[in-house]
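These notes are about the structure you will find just below.
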Amino acid sequence: MLTLQKLNEIKEQTLAAANMDSARKGTRVVVGMATCGMAAGAKSVYETLAKEIARRGLARVTLAQTGCIGFCRLEPIVEVYIPGQEKVTYVKVTPENARHIIAEHLVNGNIIAEFTEKVSLEKQKRVALRNCGVINPELIDEYVAMEGYQALAKAVLEMTPEQVVDEIKRSGLRGRGGGGFPTGLKWEFTAKTQADQKYVCCNADEGDPGAFMDRSVLEGDPHAVLEAMAIAGYAIGATNGYIYVRAEYPVAVKRLEIAIEQAKQAGLLGQGIFGSNFNFDIEIRLGAGAFVCGEETALMVSIEGHRGEPRPRPPFPAVKGLFGKPTVLNNVETFANVPQIILHGAKWFADMGTEKSKGTKVFALGGKINNTGLIEISMGTSLREVIYDLGGGIPNGKKFKAAQTGGPSGGCIPAQHIDTPIEYDALIQLGSMMGSGGLIVMDEETCMVDVARFFLEFTVEESCGKCPPCRIGTKRMLELLEKITNNQGQKGDIEKLEQLAKTIKAASLCGLGQTAPNPVLSTLRYFRDEYEAHINERKCPAGVCTAFLQYVVLEEKCRKCGLCARSCPARAIIGKPKESYRIDTDLCIKCGLCISKCPAKAIEKKHNQ
Amino acid sequence: MGACSCQAEKFQRLHEIITAHKERPGALIPVMHEAQDLFGYLPKNVQQVIAMGLGVPLADVYGVATFYSKFSLQPKGTYQINVCLGTACYVKGAQGILDKIAETLNIKVGETTPDGMFSLGANRCVGGCGLSPVMTINDEVYGELNTEQVEEILKKYLEKVWREEKHADAAKA
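Structure, rendered in structure tokens:
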């Protein structure tokens, strides 16, 4: 059995042995090895560092793999902590550079400035991500060293279940999966329901395309989620937990498996935790590629081993959830906040953020933005700060057009609202939503009709097919959007889209269907002129939709050889040798053969101006 | 895929998997995951064994197999290429990458090359959005792609396939 005293001993020992705190005696070298880091080649960098450290017999050097610190564009990242010095961050490290770093920096003590980049976390507020990029997620001791499992000890040994629920309630924590339901209330309802068995579920089925917050937490700090689930179990009276995680995240799954095994070994999961009579076990269940399983009722049906089709609510999971028993279901990021709240108190958490949105939120910045990656900010930070201060602005000096939040269920925030504070209610007022945290930036070269079409294509693909409004309605909407982007839009199409959207929102069974029309509604709200341009003026203002492209012969470059006309399969190029050539747009099938044949590069694709 | 190659051994292994999971509530999907890892896909006879072993109707097994995109009823290529078509990748030109691969391998999305070496798929978001556009070939993740890089990566795999073929031919001779 693990006692609190033993836990504290492990903490102190690990801090010293792994050179983790500022009083370190030796050097700590960490390599970011989340999925993104590995995609950039972190594995061979790590191996090179390990080999080099061993070959040189460097004493008192800890080499650790960590999760993602959030600067995806700079991966692979290696950070070096030498006693008494500031942390040095090496970016875009290659195996060859890694050898140099060992030889120059670790052995000779000279920082190789040209490999470094100053990365600052100053503008961020890291609660859920506090350990990501800091600890080795595959070593429980390093989590314990960062006050890990102290919150569970405090809850089990010092607090009653009611006090735990009350603490979470007073913290104002709301669901980070997108819905924003108060977590404390959810726990309270489940705690009050009488049953012989209850469950705690963690929703790690991060299906939103463009979102990877949960992946990063699971890959960088899996024990935080386990600890929080155990705390939830204690609070509501459950002894079993399930983590439902996407099969598309193999690294996260592996680290969770390791974490659960280690927690069981240490006695932090299982029977009689911290010598109390509280028992708790956690099992992993893999998703199998269905977006709808992110919906809570579908997720539970999927754990039960069926097709992931949602069911009507009520009864809510708090009353009748997994295997028909009362169940608390929270998202990964929500759970990652819980141990910190228990440890530092509700007030500490509630002091961050705005009146109705407390704490912090993690966002995955993607799309047309310089600093793609992961950030955690205080609620209420403006979109402008996120995009320009933290995100480094738009590449190639392009203009910011809109940010998309909430994925296929959300909407866009256009440039005129860039100063909106990021919080649940403000975003809903704008017709978007907080969502789980995917934030895709779009510049002037993004066609908003095409974006709406993209999302509808996604929902049509992922609709489970149980209820007709979603199954048939989204398909009809997609057909209309395809018509419009294919230069076949007609007057009245926009109105038809609006009418369909209204019906689907009102009549669908679950959240997927009810929110599916949002990308269309929100782009219509702010970019109606683009839809109208596609239909009335027959052009795509952003120059994206290929159906609006026209092939033209550039008079000044044309050598009038006639090669294009001879090779055109549609006989759309009209003219005579040595005179002039032009392309009949109505006949042109836009195959591009003429472009590849023209020796003078005198044929171009152009958009209607 | 598992280390054993002969069918009887695989079915033996499948029975072991079923026995290991049988008592757990909601065992069907975990068993199907492991069965697919073992066989590479879920043919009808495998589904039948699972249905009998777990005591669920074959219709349920088939229903689950066709509902989730991760389960396949068709054999896949040795190298499964998946191009991520999540939002971030899409905005950064993933469609062009997908088209390029389709053109190079002369197959459409969802198809496998006639020699059974490459399958091409459009994947759901792998969460590598910071390095978009992203593709995966089996378990390897490739990020920040452009069409030239894709050609080079494919070339590497094609050369590997050719080398292996040569070896196999040489071994036969």
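If you're matching them up, the sequences are chains A and B in order. Its first residue numbered 129, the first sequence is counted upward by one per residue in our numbering. Its first residue numbered 180, the second sequence is counted upward by one per residue in our numbering. Just so you know, even glycine gets a beta-carbon here, dropped at the ideal spot from N, CA and C.
Just the chain B side, please: which residues come within less than 9 Å of residue i by C-beta, in chain order?
i        : result
Pro378/A : Asp318
His434/A : Gly205, Leu207, Ile208, Asp239, Gly242, Val243 and Phe246
Leu414/A : Ile208, Pro209, His212 and Lys249
Lys496/A : Val270 and Lys271
Between which two residues does the beta strand (DSSP E) carrying residue i extend?
i        : result
Phe297/B : Phe297 to Asn302
Asn459/A : Thr455 to Asn459
Lys339/B : Per DSSP, Lys339/B belongs to no beta strand (DSSP E); it is in the alpha helix (DSSP H), Thr326 to Lys351.
Pro542/A : Gly539 to Pro542
Ile276/B : Premise fails: Ile276/B lies in the alpha helix (DSSP H), Ala273 to Leu284, not in any beta strand (DSSP E).
Leu143/A : Premise fails: Leu143/A lies in the alpha helix (DSSP H), Leu132 to Ala145, not in any beta strand (DSSP E).
Phe491/A : Thr488 to Gly495
Ile731/A : Ile731 to His735
State the Cα-Cα distance for the pair residue i and residue j, rounded to the nearest angstrom.
i        : j        : result
Gln390/A : Leu130/A : 13 Å
Gly473/A : Gln278/A : 13 Å
Gly422/A : Asp294/B : 37 Å
Arg254/A : Ile503/A : 8 Å
Lys320/A : Met480/A : 29 Å
Ile197/B : Gly232/B : 6 Å
Glu715/A : Leu628/A : Looking at the sequence itself, residue 715/A is Leu, so the reference to Glu does not match. One C-alpha to the other measures close to 35 Å.
Leu143/A : Ala332/A : 30 Å
Glu683/A : Ala730/A : 8 Å
Lys633/A : Gly639/A : 9 Å
Glu213/B : Asn317/B : 16 Å
Glu385/A : Pro265/A : 11 Å
Met562/A : Cys330/A : 19 Å
Ile622/A : Asp269/A : 58 Å
Ala187/A : Ala352/A : 31 Å
Glu610/A : Arg581/A : 7 Å
Tyr516/A : Tyr552/A : 21 Å
Asp578/A : Cys673/A : 7 Å
Among the options, which one has its Cα closest to the Cα of residue i?
i        : options                                   : result
Val329/B : Val340/B, Thr292/B and Met314/B           : Met314/B
Gln678/A : Lys667/A, Glu684/A and Arg687/A           : Lys667/A
Val466/A : Val293/A, Arg694/A, Asn524/A and Glu684/A : Val293/A
Ala178/A : Gly198/A, Arg302/A, Leu135/A and Pro223/A : Pro223/A
Ser650/A : Glu245/A, Gln532/A, Gly306/A and Arg304/A : Gln532/A
Tyr220/B : Tyr247/B, Asp348/B and Val320/B           : Tyr247/B
Lys314/A : Ile296/A, Gly237/A and Gly348/A           : Ile296/A
Gly234/B : Gly205/B, Val320/B and Leu217/B           : Gly205/B
Phe243/A : Met357/A, Asn225/A, Leu567/A and Gln252/A : Asn225/A
For the alpha helix (DSSP H) containing residue i, list its first residue and its last residue.
i        : result
Leu721/A : Leu721 to Lys725
Arg656/A : Asn646 to Asn664
Gly566/A : It is not in any alpha helix (DSSP H) - Gly566/A instead sits in the beta strand (DSSP E) that spans Gly566 to Asp571.
Asp517/A : Where Asp517/A is concerned, there is no enclosing alpha helix (DSSP H), given that its DSSP letter is neither H nor E.
Cys598/A : Pro596 to Thr613
Leu384/A : Pro378 to Ala394
Glu224/A : Pro223 to His228
Gly348/A : Met341 to Gly348
Using a threshold of 7 Å, state whether the C-beta atoms of residue i and residue j are closer than that.
i        : j        : result
Pro204/A : Ala241/A : no
Met576/A : Glu658/A : yes
Ala256/A : Val490/A : yes
Cys164/A : Leu237/B : no
Ile701/A : Ile717/A : no
Pro454/A : Ala464/A : no
Leu450/A : Met428/A : yes
Gln226/B : Val240/B : yes
Ala162/A : Gly195/A : yes
Tyr218/A : Ile229/A : yes
Starting from residue i, find everything on chain B with Cβ-Cβ shorter than 8 Å and list it in chain order.
i        : result
Ser430/A : Ile208
Met570/A : Val270
Thr500/A : Ala267, Cys308, Gly309, Leu310 and Ser311
So which residues of chain A does residue i contact, with C-beta pairs closer than 9 Å?
i        : result
Tyr321/B : Ala167
Name the chain A residues whose beta carbon is nearer than 7 Å to that of residue i?
i        : result
Cys185/B : Going along chain A, no residue has its Cβ under 7 Å from Cys185/B, so there is no contact; the nearest lies around 27 Å.
Val313/B : Ala167
Leu299/B : Result: empty, since nearest Cβ-Cβ is about 16 Å, beyond 7 Å.
Gly265/B : Pro337 and Gly338
Listing by chain order, which chain A residues have their CB less than 8 Å from the CB of residue i?
i        : result
Gly232/B : Those within 8 Å of Gly232/B in chain A number zero; the least Cβ separation is about 13 Å.
Val262/B : Going along chain A, no residue has its Cβ under 8 Å from Val262/B, so there is no contact; the nearest lies around 13 Å.
Taking Cβ-Cβ distances shorter than 7 Å, what residues in chain B pair up with residue i?
i        : result
Ala418/A : Phe246, Tyr247 and Ser248
Phe444/A : Within 7 Å Cβ-Cβ: nothing; Phe444/A doesn't reach chain B, min ~20 Å.
### Query
When you check each C-beta in the segment 267 to 293 of chain B against every C-beta of chain E, which residues fall closer than 9 Å?
Given the protein chain composition of this structure (A and B), no chain E is represented.
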